[in-house]
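Going by our numbering, the residue at position 69 of the sequence shown is 333; the numbering climbs one at a time, nothing skipped. Built from N, CA and C at the ideal position, the CB exists for glycine as well. Report on the structure given below.
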Amino acid sequence: MFQKLYNKTLGWSRHKHAEKYLSFVSFADSSFFPITPLVMLVPMALAESEKAFRFAFLTTIFSAFGAILGYSIGYFLFEAISPWLQTTHYWNDYLSATIEVEKWGIWAVLIGGFLPIPYKIFTITAGSLNMALLPFLAVSTFGRGTRFFIVAFLLKFGGKKLDDKLNHNINKIGWFGVVAILIGGTLYYFLKYSQS
């Protein structure tokens with residue numbers, strides 16, 4: 265089922281209304297859709313490199329809107345969907361995300377934007393744990409936007425050869441981003457509290 269959905273989503277990237285489909289997938293990915301918008305962003309940025317940053321902008325903005333929906337699902341509906349969620353493969357991801365969000369707060373949401381874990385897990389978790397909405401939205405937009413604009417930048421100036429390398433090394437790149445954020449967050453924490 266998911267392979268068919270993946271292929272369908274990939275096909276949308278070649279549609280005359282591809283930007284609208286990209287916006288929808290970006291919105292839905294942060295709340296309920298199982299396919300990442302990168303499936304569309306990558307081929308669209310390769311095909312029309314002059315629009316790569318426009319595509320990344322659309323992906324970021326609608327991902328942020330979707331994050332609000334995901335947060336709302338967690339905040340208002342978590343008790344209702346919890347029994348169903350426990351029957352899916354997302355439940356263990358939710359439990360892991362809960363531990364991380366309770367421990368690290370908005371930093372976990374920021375890092376979640378770079379991980380190969382469905383981002384909807386972090387948006388729903390943030391809502392279910394009553395995380396402050398504005399900080400959540402800020403780090404969500406920044407984290408996801410950074411990821412999408414990096415991909416767009418690399419594809420705009422690297423082209424097909426870089427796309428092949430990106431596909432082979434996407435996990436390494438993602439973990440590099442996570443490490444960079446952890447180092448930055450640790451430095452920020454120590455600098456902030458060493459002065460107090």
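Judged by DSSP secondary structure, residue 360 falls within the alpha helix (DSSP H) whose first and last residues are 354-368. With contacts defined as CB atoms closer than 8 Å, residue 338 and residue 293 fail to qualify as a contacting pair. Counting of Cβ neighbours within 10 angstroms places residue 295 among the buried residues, the total reaching 16 or more. In the displayed model, residue 391 falls within a helix according to three-state DSSP. Looking at the backbone, the Cα of residue 379 and that of residue 414 are separated by about 14 Å. Residue 391 is a Cβ neighbour of residue 335, given a cutoff of 8 Å. The continuous stretches of alpha helix (DSSP H) do not include residue 314, and DSSP gives it neither H nor E. Cα atoms of residue 277 and residue 306: separation of roughly 9 Å, rounded to the nearest angstrom. Take the alpha-carbon of residue 404 and the one of residue 279: they are about 28 Å apart. Counting every other CB atom within 10 Å of its CB across the protein chains shown gives residue 386 a total of 16 or more, marking it as buried. Its chain contains 338, 358, 361, 362, 365 as the residues whose beta carbon lies nearer than 7 Å to that of residue 389, once the 5 sequence neighbours on both sides are disregarded; these appear in chain order. For the 8 Å CB-CB criterion, residue 374 and residue 412 do not form a contact. Rounded to the nearest angstrom, the gap between the Cα atoms of residue 315 and residue 347 is 43 Å. Residue 280 sits in coil when the DSSP states are folded into three classes, being neither helix nor strand. Measuring C-alpha to C-alpha distances from residue 368 to each of 395, 382, 324, 345 identifies 395 as the nearest. For the pair residue 298 and residue 289, the CB atoms are not nearer than the 8 Å cut-off.
Residue 370 and residue 399 do touch by the CB rule: their CB atoms are close to 5 Å apart, below 8 Å.
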